[in-house]
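S.K.: A single structure is presented below for examination.
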Amino acid sequence: MKRKVIFDCDPGHDDAIALLMAFASTRLDILAVTVTGGNQTLAKTLNNAKRVLSFAGVECLIAAGCDKPLFRELEVAPEVHGDSGLDGPVLPESNLPVDDRHAVEVMRDLLDQATEPITLVATGPLTNVGLLLSTYPHVKSKIDLIAIMGGSVVGGNWTPGAEFNIMVDPEAAHIVFHSGIHIAMAGLDVTHRAMVTKQDTERIRSLNKKVPVMVAELLDFFALFHHTMGFDATPLHDPVTIAYLIDPSIITTKEYYVDIDVDGEFTLGATVADQLGSMNQPANTTVMLDIDREKFVDMIVDLVNTYE
Ligand code: RIB
Ligand code: CA
Numbered sequence: 000m001k002r003k004v005i006f007d008c009d010p011g012h013d014d015a016i017a018l019l020m021a022f023a024s025t026r027l028d029i030l031a032v033t034v035t036g037g038n039q040t041l042a043k044t045l046n047n048a049k050r051v052l053s054f055a056g057v058e059c060l061i062a063a064g065c066d067k068p069l070f071r072e073l074e075v076a077p078e079v080h081g082d083s084g085l086d087g088p089v090l091p092e093s094n095l096p097v098d099d100r101h102a103v104e105v106m107r108d109l110l111d112q113a114t115e116p117i118t119l120v121a122t123g124p125l126t127n128v129g130l131l132l133s134t135y136p137h138v139k140s141k142i143d144l145i146a147i148m149g150g151s152v153v154g155g156n157w158t159p160g161a162e163f164n165i166m167v168d169p170e171a172a173h174i175v176f177h178s179g180i181h182i183a184m185a186g187l188d189v190t191h192r193a194m195v196t197k198q199d200t201e202r203i204r205s206l207n208k209k210v211p212v213m214v215a216e217l218l219d220f221f222a223l224f225h226h227t228m229g230f231d232a233t234p235l236h237d238p239v240t241i242a243y244l245i246d247p248s249i250i251t252t253k254e255y256y257v258d259i260d261v262d263g264e265f266t267l268g269a270t271v272a273d274q275l276g277s278m279n280q281p282a283n284t285t286v287m288l289d290i291d292r293e294k295f296v297d298m299i300v301d302l303v304n305t306y307e
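Going by numbering that gives the first Met the number 0, the sequence shown opens with residue 0, and the numbers climb by one from there.
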């Protein structure tokens, strides 16, 4: 039985690779791709989702969501993903149709119509998901899991204490982590072990087909920022979320109660994982902490190789 998924994202180089993995997997049935502002403005992330999916020959329901966080101004990351949000490969413009409904309405309608549980995947700021759960709380009964790339047990990558996706919209993240729906969290603890090397990139390029070469070019560009930050390989954040859904055996996890700091002076947007059990709350999150890097890269290669 395939896992039914609504994939919310902010493409973004790593989102793009995660999308390609998700559509190539025989274990996932992607019902819709919904897009939020994050790595770049909504107009750019939407255009990027369309261009990547078109380039790969994927047709699916696409909807645009929120162009800014629930209560804050949008922060984008051109230094990481470029001005387009997907700098590097040459991707033709796409005429993939975008649904007229807002992404949250598409999510609500799919959940209302669902006869079996749906997993929400979110690899960008949690604005669309937070707005869905606060506007239409009745849909919670149809959601079996929310799998996210975001947060960390220790440290941040946008501030010393916060990871980008959570930091951009802490209030949306607070809604999600207090929703009562179980969360699988691919935070920096695991994604900074999901390192893709230059050799891995060349292995993908050597598949010598249109889409694998494009993926290698995404990795080429994504590596540039991380090299300036002192990394000798590239943390491939969003694909870890998909890898967990496809084969959780390659990932080491622990169950923690996780909450979100929404007003800290230095820790705003931090995902606080109660490793001590001192908050006396039941665990709401499966926190990913380590990954079998070789098996992760093999999975990416195998899935990307299914495309022409
Ligand atoms: O912190 C990394 C996350 O922020 C990734 O999802 C990346 O695509 C950006 O959205
Ligand atoms: Ca992302």
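By construction, the Cβ of each residue, glycine as well, lies at the ideal position given by its N, Cα and C atoms.
No experiment lies behind these values; they were computed from the predicted model shown.
(1) Ignoring anything shorter than 3 residues or poking outside the stretch 174–218, list the beta strand (DSSP E) runs there in chain order.
(2) Measure the alpha-carbon distance for K43 versus E201 and round it to whole angstroms.
(3) Let me check you understand the geometry: is the CB of M194 closer than 7 Å to at least one non-hydrogen atom of ligand 1?
(4) Spell out a yes or no on whether the stretch 64–73 and the stretch 204–224 are touching, meaning 3 or more CB-CB pairs, one atom from each, closer than 8 Å.
(5) Which residues does DSSP list as the beta-bridge partners of R107?
(6) Mind reading off the beta-carbon distance from P10 to G64? Whole number of angstroms is fine, and I expect it under 8 Å.
(7) Roughly how many whole angstroms lie between the Cα atoms of M228 and P68?
(8) If the criterion is Cβ atoms closer than 8 Å, does the pair I61 and A48 meet it?
(9) Please check the pair V175 and L125, which I expect to be a contact at CB under 8 Å, by giving their CB distance rounded to whole angstroms.
(10) In the DSSP assignment, what residue or residues form a beta bridge with E293?
(11) Using 7 Å as the cut-off, classify the Cβ of N283 as near or not near the heavy atoms of ligand 2, replying yes or no.
(12) Tell me the start and end of each unbroken alpha helix (DSSP H) in the stretch 113–144 that is at least 4 residues and wholly inside, in chain order.
(13) Is N46 near ligand 2, going by C-beta to nearest heavy atom under 7 Å?
(14) So is the beta-carbon of H236 under 7 Å away from any non-hydrogen atom of ligand 1?
(15) With distances taken between CB atoms, is the gap from I309 to P234 smaller than 8 Å?
(16) Drop a sphere of 10 angstroms on the beta-carbon of S24, count the other beta-carbons inside from all chains shown, and report buried for 16 or more, exposed for fewer.
(17) Out of D219, T284, T305, point me to the one whose CA is closest to I182's CA.
(18) What's the C-alpha gap between M166 and P96?
(19) Identify whether F230 lies in helix, strand or coil by the three-state DSSP scheme.
(20) Mind reading off the beta-carbon distance from T266 to D260? Whole number of angstroms is fine, and I expect it under 8 Å.
(21) Our contact map puts K208 next to Y135 with C-beta atoms below 8 Å; I'd like the distance itself, whole angstroms only.
M.R.: Based on what the coordinates show:
(1) With a minimum length of 3 residues, the continuous beta strand (DSSP E) runs that stay inside the stretch 174–218 are 182–185.
(2) Against the sequence shown, residue 43 aligns to sequence position 44. Against the sequence shown, residue 201 aligns to sequence position 202. If I take the Cα positions, the gap works out to 28 Å.
(3) As a position in the sequence shown, residue 194 is number 195, starting the count at 1. For M194, the shortest separation between its Cβ and any heavy atom of ligand 1 does not lie below 7 Å.
(4) Contact between the stretch 64–73 and the stretch 204–224 is absent: fewer than three C-beta pairs spanning the two stretches fall below 8 Å.
(5) Here residue 107 refers to the residue found at position 108 when the sequence shown is read from its first residue. R107 pairs with nothing; no bridge assigned.
(6) Locating residue 10 in the sequence shown gives position 11, where the first residue counts as 1. Locating residue 64 in the sequence shown gives position 65, where the first residue counts as 1. The pair is not a contact, with the Cβ atoms about 13 Å apart (cut-off 8 Å).
(7) By 1-based counting over the sequence shown, the position of residue 228 is 229. By 1-based counting over the sequence shown, the position of residue 68 is 69. Rounded to the nearest angstrom, the gap between the Cα atoms of M228 and P68 is 27 Å.
(8) Taking the first residue of the sequence shown as position 1, residue 61 is located at position 62. Taking the first residue of the sequence shown as position 1, residue 48 is located at position 49. Between I61 and A48, the gap from beta carbon to beta carbon is short of 8 Å.
(9) For the purposes of this step, residue 175 is taken as the residue at position 176 of the sequence shown. For the purposes of this step, residue 125 is taken as the residue at position 126 of the sequence shown. That belief holds up - the Cβ atoms of V175 and L125 are roughly 5 Å apart, short of 8 Å.
(10) Within the sequence shown, residue 293 is the residue found at index 294, counting from 1. According to DSSP, residue pairing for E293 in a beta bridge does not occur.
(11) The sequence position of residue 283 within the sequence shown is 284, counting from 1. No, Cβ of N283 sits at least 7 Å from all heavy atoms of ligand 2.
(12) DSSP runs (the alpha helix (DSSP H)) wholly in the stretch 113–144: 126–134.
(13) Within the sequence shown, residue 46 is the residue found at index 47, counting from 1. The answer is no for N46.
(14) Along the sequence shown, read from residue 1 onward, the residue named residue 236 stands at position 237. The answer is yes for H236.
(15) The structure shown does not extend to residue 309, since the chain is modelled only from 0 to 307, so the question has no answer here.
(16) For the purposes of this step, residue 24 is taken as residue 25 along the sequence shown, with counting starting at 1. That one is buried.
(17) Your numbering for residue 182 matches position 183 in the sequence shown. If we check each option's Cα against that of I182, T284 comes out closest.
(18) Here residue 166 corresponds to residue number 167 of the sequence shown, with the count starting at 1. Here residue 96 corresponds to residue number 97 of the sequence shown, with the count starting at 1. Rounded to whole angstroms, M166 and P96 show a C-alpha spacing of 31 Å.
(19) Locating residue 230 in the sequence shown gives position 231, where the first residue counts as 1. Under the three-state reduction of DSSP, F230 is assigned to coil, being neither helix nor strand.
(20) Counting from one through the sequence shown, the residue named residue 266 turns up at place 267. Counting from one through the sequence shown, the residue named residue 260 turns up at place 261. The C-beta separation of T266 from D260 comes to about 5 Å, placing the pair in contact by the 8 Å criterion.
(21) Within the sequence shown, the letter at position 209 stands for residue 208. Within the sequence shown, the letter at position 136 stands for residue 135. With 8 Å as the limit, K208 and Y135 do not qualify as a contact, their Cβ atoms being about 41 Å apart.
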